[in-house]
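**Student:**
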Amino acid sequence: MATSTTSKRGNWNSKIGFILAAAGSAVGLGNIWRFPTVMAENGGAAFLLLYAALVFIVGFPVMVGELSIGRKSQRNPVGAFRALSESKFFPLVGFWGVMCGVAILSFYVIVAGWTLGYFFEQIFYSAGWFEWAEWVADTDNGWLNAGVAIVFMAATISIILGGVSDGIERAVKYLMPMLIVILVIMIGYVLFQPGAGEGIRAYLIPDFSAINSDLLLAAMGQAFFSLSLGMGALITYGSYLSKKENIPEVAGYVTLADIGIAFMAGLLIMPAIFMAQAQGLTVFNEDGSLFAGAALIFQVLPELFHNMGGIIGLIFGASFFFLLSIAALTSSISLLEVPTAYAIDEHGLKRKTAAILIGSGVTVISIIIAFDTSLIGTIDFIFSDIGLPLGGFMLCIFLGYFWKMGNAKLEMEKGFDTINDHWFFPVWSIFIRFICPILIGIILVTTIINWLS
Ligand code: PFF
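Residue numbers (the numbering used here): 33 to 485.
Here is the structure:
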């Protein structure tokens with residue numbers, strides 16, 4: 033296997049460029065479509081508190097670990113584990129991460145494609161082209177699903193082709209501020225509409241009786257997926273990070289951005305659901321549970337925007353789906369960057385060849401899924417719910433017991449020169465060696481037992 037140690041790797045041009053790219057990876061469909069409804073169904077603010085606790089207890093320490101491994105090794109996940117230990121096993125863990133990236137990307141581009149489809153649906157509907165609107169929104173149409181996934185993948189590949197700073201960093205510098213501005217304006221409008229207060233209450237009043245082991249599983253899965261952890265995306269992004277940066281500090285910003293935007297998405301979506309209900313739209317299933325995920329985003333909200341009517345409906349509807357497309361794009365580029373970096377570092381491919389080859393290969397899988405979208409749930413379960421926490425667990429074992437904490441400290445010292453006198457490192461070590469693997473392990477075993485029984 034050719035390992036091209038001499039090839040020049042990309043670098044982030046600035047600290048803010050890195051933070052936007054990593055936050056862009058984290059903030060995605062997971063935040064805007066999954067988080068608010070999972071939370072609403074699982075005890076509202078009680079879930080938020082539990083989720084926030086898991087994000088800080090497990091997510092943040094693992095993120096610091098991924099970034100340290102990436103920056104030290106200057107490699108993709110497979111090369112990183114190979115460079116830092118003699119073990120033959122851990123590079124396989126890296127390879128599992130690359131596989132998770134490929135698998136998640138294969139369905140992610142389909143759901144992302146739907147957000148593009150609905151962007152056009154809103155425009156066609158406003159223009160009075162109802163047949164076109166209906167056609168472009170038909171998520172059961174395999175050819176259409178394949179078409180929108182191909183468009184989305186082409187956009188993802190085109191950014192990856194530009195490389196780290198001219199491709200990814202340049203794109204996120206426009207896209208992330210745009211996402212935040214659209215989100216804030218939409219929240220500002222929605223909060224003053226009839227029904228909004230009820231939505232906010234349902235969202236923010238905690239129901240602690242809803243906390244149980246299932247909730248813990250949901251919160252852990254959501255934390256790994258949402259923070260893009262466990263598959264080496266942040267090992268890869270960390271490999272382009274300057275030695276001047278303070279890793280715990282930048283990881284802190286990325287974590288806060290992710291949880292902050294998930295929380296804000298709830299402030300938009302929960303009032304919107306109750307507004308829709310006030311207008312007589314169906315928002316609850318027959319068993320009384322709230323519509324979630326796809327049903328909510330692709331049924332209730334488009335109708336709500338139609339009902340708003342006129343230019344406001346058009347602006348809102350089109351902006352909302354544009355917002356989702358941006359969030360999805362900044363995440364899909366990180367999903368493709370992981371296998372691309374692997375092919376460049378480990379197999380000596382040129383960036384262009386790697387991105388096109390892998391992007392096209394993943395598209396073939398996406399096309400198969402496009403004709404049977406029930407596969408999405410299965411792939412998501414295996415690679416996101418099990419695959420990512422498993423990767424995170426192995427990472428903790430590697431950091432705590434193979435690479436050793438002292439080496440992690442030496443890497444973190446760069447950009448954090450007071451680390452020897454700081455409380456951060458001893459606390460982080462305890463989390464990585466004991467608390468995180470034990471918690472992830474318990475939750476993983478429970479998930480697998482529940483699945484088998
Ligand atoms: N964090 C993304 C989201 O919340 O939608 C999904 C994701 C991106 C997961 C990148 C994993 C990853 F490496």
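Note that CB positions come from ideal geometry on N, CA and C, so glycine has one too.
Note that the structure is predicted; figures quoted are calculated from it, not measured.
Measuring straight from C-alpha to C-alpha, what distance separates residue 104 and residue 453?
**Tutor:** Taking the straight line from one Cα to the other gives about 22 Å.
**Student:** Is the closest heavy atom of ligand 1 to the C-beta of residue 265 under 7 Å?
**Tutor:** Result yes, Cβ under 7 Å from ligand 1.
**Student:** Would you list, in sequence order, the uninterrupted alpha helix (DSSP H) runs of no fewer than 4 residues that lie entirely inside the segment 358-413?
**Tutor:** Qualifying alpha helix (DSSP H) stretches, in chain order: 383-403, 407-411.
**Student:** My output table needs one value for residue 122: the three-state DSSP class, helix, strand or coil.
**Tutor:** Helix, per DSSP.
**Student:** Please state if the CB of residue 304 and the CB of residue 144 are separated by a distance shorter than 8 Å.
**Tutor:** No, Cβ-Cβ distance for residue 144 and residue 304 is not below 8 Å.
**Student:** Out of 282, 475, 347, which has the shortest C-alpha to C-alpha gap to residue 417?
**Tutor:** Closest option to residue 417, Cα to Cα, is 475.
**Student:** What is the residue span of the alpha helix (DSSP H) that residue 334 lies within?
**Tutor:** Start and end: 333-340.
**Student:** Residue 317: buried (16+ other C-beta within 10 angstroms of its C-beta) or exposed?
**Tutor:** It is exposed - the Cβ of residue 317 has fewer than 16 other Cβ atoms within 10 Å.
**Student:** Can you tell me the Cβ-Cβ gap for residue 365 and residue 182, rounded? I've got them flagged as a contact below 8 Å.
**Tutor:** At roughly 16 Å, the Cβ-Cβ gap does not stay under 8 Å, so residue 365 and residue 182 are not in contact.
**Student:** Mapping the DSSP letters down to three states, classify residue 430 as helix, strand or coil.
**Tutor:** In the structure shown, residue 430 sits in a helix (DSSP, three-state: H, G or I).
**Student:** At a cut-off of 7 Å, is residue 121 close to ligand 1 when judged by its beta-carbon and the heavy atoms of the ligand?
**Tutor:** Incorrect: residue 121 has no Cβ contact closer than 7 Å to ligand 1.
**Student:** Going by C-alpha distance, which of 419, 435, 356 is nearest residue 479?
**Tutor:** The shortest C-alpha separation from residue 479 is found at 419.
**Student:** Among residues of its own chain, excluding the 5 on either side of residue 52, which ones have a beta-carbon nearer than 7 Å to its beta-carbon?
**Tutor:** Excluding residues within five positions, the ones whose Cβ falls inside 7 Å are 204, 205, 208.
**Student:** Helix, strand or coil for residue 425? Go by DSSP, reduced to three states.
**Tutor:** Residue state, collapsed to three classes: helix.
**Student:** My guess is that residue 307 and residue 226 are in contact by the Cβ rule of under 8 Å, so how many angstroms apart are they, rounded?
**Tutor:** Contact holds; Cβ gap of about 7 Å.
**Student:** Check this for me: beta carbons of residue 370 and residue 263, under 8 Å apart or not?
**Tutor:** The answer is yes: Cβ separation under 8 Å.
**Student:** When you measure from the CB of residue 58 to every non-hydrogen atom of ligand 1, does any distance come out below 7 Å?
**Tutor:** Checking every heavy atom of ligand 1 against the Cβ of residue 58, one is found closer than 7 Å.
**Student:** Helix or strand or just coil, what does DSSP make of residue 492?
**Tutor:** Residue coverage of the chain in this structure runs from 33 to 485, which leaves residue 492 outside it and unanswerable.
**Student:** With a cut-off of 8 Å, do at least 3 Cβ pairs link the segment 105-118 to the segment 268-281?
**Tutor:** Counting Cβ pairs under 8 Å, three or more are found: they touch.
**Student:** Would you tell me roughly how many angstroms separate the C-alpha atoms of residue 35 and residue 375, rounded to the nearest one?
**Tutor:** Reliability of the predicted coordinates at residue 35 is poor, the pLDDT of 43 falling under 50, and the value obtained from them is presented with this limitation in mind. Residue 35 and residue 375: Cα-Cα distance of roughly 10 Å.
**Student:** Once DSSP output is grouped into helix, strand and coil, what is the label at residue 224?
**Tutor:** Reduced to three states, the DSSP call for residue 224 is coil.
**Student:** Does DSSP classify residue 44 as helix, strand or coil?
**Tutor:** It is coil, neither helix nor strand.
**Student:** Suppose only complete runs of 4+ residues qualify. What are the alpha helix (DSSP H) ranges in the segment 143-217, listed by chain order?
**Tutor:** 162-168, 174-193, all fully within the segment 143-217.
**Student:** Let me know if residue 433 comes out buried or exposed under the rule of 16 or more other beta-carbons within 10 Å of its beta-carbon.
**Tutor:** It is exposed - the Cβ of residue 433 has fewer than 16 other Cβ atoms within 10 Å.
**Student:** Beta-carbon separation of residue 424 and residue 261 under 8 Å?
**Tutor:** The answer is yes: Cβ separation under 8 Å.
**Student:** Expressed to the nearest angstrom, what Euclidean distance is found between the alpha-carbon atoms of residue 64 and residue 293?
**Tutor:** For residue 64 and residue 293, the distance between alpha carbons rounds to 8 Å.
**Student:** Thinking just about the alpha-carbon of each residue, which of 469, 70, 66 is nearest to the one in residue 246?
**Tutor:** Closest by alpha carbon: 70.
**Student:** Helix, strand or coil: which one does DSSP assign to residue 73?
**Tutor:** Note: residue 73 maps to helix in three-state DSSP.
**Student:** In whole angstroms, what is the alpha-carbon distance linking residue 91 and residue 290?
**Tutor:** Roughly 11 Å between the two C-alpha positions.
**Student:** Skipping 5 residues on each side, what residues in its chain have a beta carbon closer than 6 Å to that of residue 185?
**Tutor:** 141, 391, 395, listed in sequence order.
**Student:** Need the endpoints of the alpha helix (DSSP H) that residue 460 sits in, please.
**Tutor:** Element bounds for residue 460: 456-462.
**Student:** Which residues in the same chain have their Cβ closer than 7 Å to the Cβ of residue 332, if we skip the five residues on either side of it in sequence?
**Tutor:** Counting only Cβ-Cβ distances below 7 Å, and skipping sequence neighbours, we find 305, 308, 313, 315, 323.
**Student:** Specify, as a first and last residue, the run of the alpha helix (DSSP H) that residue 92 falls within.
**Tutor:** First-last of the alpha helix (DSSP H) with residue 92: 92-105.
**Student:** Does DSSP put residue 136 in a helix, in a strand, or in coil?
**Tutor:** It is helical.
**Student:** Would you check whether ligand 1 has a heavy atom nearer than 7 Å to the C-beta of residue 7?
**Tutor:** No information on residue 7 is available, as it lies outside the stretch 33 to 485 that the chain covers here.
**Student:** In the DSSP assignment, the alpha helix (DSSP H) including residue 487 goes from what residue to what residue?
**Tutor:** The displayed coordinates of the chain run from 33 to 485. Any statement about residue 487 would go beyond what the structure contains.
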